[in-house]
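Take a look at the structure below.
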Amino acid sequence: MSEYFSTWRLNAFACVLGGVLILAGIGFCVRQILNTDGWPLGSDIAVYLHAASAVGNDQSPYSQAPGLDPYPYPPLFAEFINLITKVLGTGKGMLVWALSGLALLVASVAIMARAFSPKLPIGVVLLLGGIFTISHIARNETFHGQVKFGFLGGSRRGSLAARSQHRRRVSLVFCYRY
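Quick note, the sequence shown lines up with residues 5 to 182 if you use the numbering used here.
Printed below as a string of C-alpha coordinates:
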(Lines of atoms letter the chains of each structure in order from A and count residues from 1; the text may use other names and numbers.)
(Lines give C-alpha, C1' and ligand atoms only; values in the text may rest on other atoms or scores of the structure.)
Protein backbone atom coordinates (compact mmCIF):
# COMPACT_ATOMS: atom_id res chain seq x y z
CA MET A 1 0.00 0.00 0.00
CA SER A 2 2.76 2.47 0.86
CA GLU A 3 4.54 1.76 -2.45
CA TYR A 4 1.35 2.64 -4.37
CA PHE A 5 0.89 5.75 -2.26
CA SER A 6 4.44 6.97 -2.90
CA THR A 7 4.05 6.34 -6.66
CA TRP A 8 0.74 8.19 -6.60
CA ARG A 9 2.32 11.13 -4.71
CA LEU A 10 5.24 11.26 -7.12
CA ASN A 11 2.88 11.26 -10.12
CA ALA A 12 0.72 13.98 -8.50
CA PHE A 13 3.82 16.09 -7.81
CA ALA A 14 4.96 15.66 -11.43
CA CYS A 15 1.48 16.71 -12.63
CA VAL A 16 1.53 19.86 -10.52
CA LEU A 17 5.11 20.74 -11.47
CA GLY A 18 4.40 20.07 -15.16
CA GLY A 19 1.28 22.25 -15.02
CA VAL A 20 3.21 25.07 -13.35
CA LEU A 21 5.96 24.84 -15.99
CA ILE A 22 3.39 24.88 -18.82
CA LEU A 23 1.72 27.98 -17.34
CA ALA A 24 5.14 29.61 -16.88
CA GLY A 25 6.00 28.86 -20.52
CA ILE A 26 2.74 30.45 -21.66
CA GLY A 27 3.45 33.47 -19.45
CA PHE A 28 6.98 33.83 -20.85
CA CYS A 29 5.65 33.72 -24.41
CA VAL A 30 2.88 36.24 -23.77
CA ARG A 31 5.31 38.58 -22.01
CA GLN A 32 7.80 38.36 -24.88
CA ILE A 33 5.08 39.09 -27.43
CA LEU A 34 3.57 41.99 -25.47
CA ASN A 35 6.99 43.54 -24.76
CA THR A 36 8.04 43.54 -28.43
CA ASP A 37 7.08 46.80 -30.10
CA GLY A 38 5.47 46.28 -33.47
CA TRP A 39 4.92 42.55 -33.07
CA PRO A 40 4.18 40.68 -35.40
CA LEU A 41 6.24 42.83 -37.79
CA GLY A 42 9.68 41.31 -38.14
CA SER A 43 8.40 37.82 -37.38
CA ASP A 44 7.07 35.10 -39.62
CA ILE A 45 3.54 35.93 -38.54
CA ALA A 46 3.68 39.01 -40.78
CA VAL A 47 4.11 36.64 -43.74
CA TYR A 48 1.14 34.57 -42.54
CA LEU A 49 -1.00 37.71 -42.16
CA HIS A 50 -0.21 38.74 -45.72
CA ALA A 51 -1.09 35.25 -47.00
CA ALA A 52 -4.33 35.22 -44.97
CA SER A 53 -5.27 38.64 -46.30
CA ALA A 54 -4.61 37.46 -49.85
CA VAL A 55 -6.78 34.36 -49.31
CA GLY A 56 -9.54 36.56 -47.87
CA ASN A 57 -9.43 38.67 -51.03
CA ASP A 58 -9.54 35.62 -53.37
CA GLN A 59 -5.87 35.95 -54.28
CA SER A 60 -3.00 33.51 -54.07
CA PRO A 61 -1.41 33.20 -50.62
CA TYR A 62 1.91 32.83 -52.44
CA SER A 63 1.95 36.38 -53.80
CA GLN A 64 4.94 37.96 -52.11
CA ALA A 65 4.70 41.33 -50.37
CA PRO A 66 7.71 43.66 -50.55
CA GLY A 67 10.06 43.08 -47.63
CA LEU A 68 8.53 39.75 -46.62
CA ASP A 69 9.75 36.23 -47.19
CA PRO A 70 7.60 34.02 -49.42
CA TYR A 71 4.78 32.08 -47.75
CA PRO A 72 6.09 28.48 -47.46
CA TYR A 73 3.09 26.52 -46.15
CA PRO A 74 -0.02 24.88 -47.63
CA PRO A 75 -2.94 27.26 -48.33
CA LEU A 76 -4.94 25.56 -45.56
CA PHE A 77 -2.90 27.41 -42.92
CA ALA A 78 -3.63 30.74 -44.59
CA GLU A 79 -7.33 29.82 -44.50
CA PHE A 80 -7.09 29.06 -40.76
CA ILE A 81 -5.32 32.34 -40.06
CA ASN A 82 -7.84 34.24 -42.17
CA LEU A 83 -10.70 32.67 -40.20
CA ILE A 84 -9.07 33.31 -36.81
CA THR A 85 -8.30 36.95 -37.60
CA LYS A 86 -11.82 37.55 -38.95
CA VAL A 87 -13.41 36.15 -35.78
CA LEU A 88 -11.01 37.51 -33.13
CA GLY A 89 -9.40 40.48 -34.85
CA THR A 90 -5.82 40.65 -36.02
CA GLY A 91 -4.06 41.15 -32.66
CA LYS A 92 -5.97 38.55 -30.65
CA GLY A 93 -6.07 36.16 -33.59
CA MET A 94 -2.31 36.23 -33.98
CA LEU A 95 -1.81 35.73 -30.24
CA VAL A 96 -4.15 32.73 -30.33
CA TRP A 97 -2.35 31.37 -33.40
CA ALA A 98 1.05 31.75 -31.73
CA LEU A 99 -0.03 30.18 -28.43
CA SER A 100 -1.76 27.29 -30.18
CA GLY A 101 1.75 26.17 -31.11
CA LEU A 102 2.46 25.54 -27.43
CA ALA A 103 -0.73 23.50 -27.11
CA LEU A 104 0.31 21.47 -30.14
CA LEU A 105 3.74 20.91 -28.59
CA VAL A 106 2.23 19.53 -25.38
CA ALA A 107 -0.20 17.41 -27.43
CA SER A 108 2.69 16.05 -29.50
CA VAL A 109 4.60 15.14 -26.35
CA ALA A 110 1.49 13.41 -24.99
CA ILE A 111 1.02 11.44 -28.21
CA MET A 112 4.64 10.32 -28.24
CA ALA A 113 4.71 9.44 -24.54
CA ARG A 114 1.33 7.74 -24.21
CA ALA A 115 0.54 6.16 -27.56
CA PHE A 116 3.52 3.84 -27.82
CA SER A 117 4.63 1.16 -25.39
CA PRO A 118 5.70 1.54 -22.67
CA LYS A 119 3.20 4.28 -21.77
CA LEU A 120 4.58 6.96 -19.51
CA PRO A 121 2.50 8.13 -16.53
CA ILE A 122 0.50 11.31 -17.10
CA GLY A 123 2.64 13.16 -14.55
CA VAL A 124 5.76 12.44 -16.57
CA VAL A 125 3.95 13.55 -19.74
CA LEU A 126 2.96 16.87 -18.17
CA LEU A 127 6.45 17.34 -16.74
CA LEU A 128 8.02 16.73 -20.17
CA GLY A 129 5.48 19.07 -21.76
CA GLY A 130 6.34 21.73 -19.20
CA ILE A 131 10.08 21.36 -19.74
CA PHE A 132 9.65 21.66 -23.50
CA THR A 133 7.23 24.59 -23.10
CA ILE A 134 9.69 26.71 -21.14
CA SER A 135 12.59 25.91 -23.48
CA HIS A 136 14.10 28.60 -25.68
CA ILE A 137 13.15 26.83 -28.89
CA ALA A 138 9.47 26.62 -27.87
CA ARG A 139 9.40 30.32 -26.95
CA ASN A 140 11.15 31.28 -30.19
CA GLU A 141 8.86 29.16 -32.36
CA THR A 142 5.81 30.55 -30.54
CA PHE A 143 7.00 34.14 -30.93
CA HIS A 144 7.31 33.62 -34.68
CA GLY A 145 4.04 31.67 -34.92
CA GLN A 146 5.66 28.65 -36.52
CA VAL A 147 3.57 25.58 -37.31
CA LYS A 148 6.34 23.03 -36.73
CA PHE A 149 4.75 21.71 -33.56
CA GLY A 150 1.56 21.07 -35.53
CA PHE A 151 3.59 19.17 -38.10
CA LEU A 152 5.21 17.19 -35.29
CA GLY A 153 1.84 16.21 -33.84
CA GLY A 154 0.47 15.39 -37.28
CA SER A 155 3.38 13.14 -38.12
CA ARG A 156 3.08 11.30 -34.78
CA ARG A 157 -0.66 10.89 -35.34
CA GLY A 158 0.05 9.58 -38.82
CA SER A 159 2.53 7.07 -37.41
CA LEU A 160 -0.14 5.79 -35.03
CA ALA A 161 -2.67 5.47 -37.83
CA ALA A 162 -0.12 3.67 -40.02
CA ARG A 163 0.72 1.28 -37.21
CA SER A 164 -2.94 0.41 -36.78
CA GLN A 165 -3.30 0.04 -40.57
CA HIS A 166 -5.93 2.75 -41.02
CA ARG A 167 -4.94 3.77 -44.53
CA ARG A 168 -7.57 6.50 -44.88
CA ARG A 169 -6.52 8.15 -41.64
CA VAL A 170 -2.88 7.96 -42.69
CA SER A 171 -3.60 9.61 -46.01
CA LEU A 172 -5.68 12.35 -44.37
CA VAL A 173 -3.06 13.11 -41.73
CA PHE A 174 -0.18 13.25 -44.18
CA CYS A 175 -2.25 15.17 -46.72
CA TYR A 176 -2.77 17.82 -44.02
CA ARG A 177 0.90 17.78 -43.15
CA TYR A 178 2.19 18.24 -46.67
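Backbone N, C-alpha and C define an ideal beta-carbon position, used for all residues, glycine too. Everything numeric in this text was worked out from a predicted model, so none of it was measured.
Label residue i either buried or exposed according to how many other C-beta atoms from any shown protein chain fall within 10 Å of its C-beta, with 16 as the threshold for buried.
| i | result |
| --- | --- |
| P44 | buried |
| S10 | exposed |
| P122 | exposed |
| A82 | buried |
| V51 | buried |
| R143 | buried |
| G42 | exposed |
| L38 | exposed |
| H54 | buried |
With a cut-off of 8 Å on the beta carbons, I'd call residue i and residue j a contact; round off their distance for me.
| i | j | result |
| --- | --- | --- |
| Q102 | T146 | Per the sequence presented here, residue 102 reads as Ala, with Gln not at that position. The pair is a contact, with the Cβ atoms about 5 Å apart (cut-off 8 Å). |
| G133 | G22 | 6 Å |
| V128 | A18 | 6 Å |
| D62 | G149 | In fact, because the Cβ distance is near 23 Å, the residues do not count as touching under 8 Å. |
Note down, in chain order, each residue of its chain lying with its Cβ closer than 6 Å to the Cβ of residue i, except the 5 sequence neighbours on either side.
| i | result |
| --- | --- |
| G154 | L108 |
| G97 | I88, T89 |
| F84 | none |
Kindly list the residues whose CB is nearer than 7 Å to the CB of residue i, restricted to its own chain and excluding five residues on each side of it in sequence; keep chain order.
| i | result |
| --- | --- |
| L124 | A117, R118 |
Apart from the five residues on each side of it in sequence, which residues of its chain come closer than 8 Å, Cβ to Cβ, to residue i?
| i | result |
| --- | --- |
| N86 | A56, S57, V59, G60 |
Cβ contact check for the region 107 to 115 and the region 63 to 78: 3 or more pairs under 8 Å: no
I'd like to know if the region 22 to 34 and the region 73 to 85 are in contact, where contact means that at least 3 CB-CB pairs between them fall below 8 Å. no
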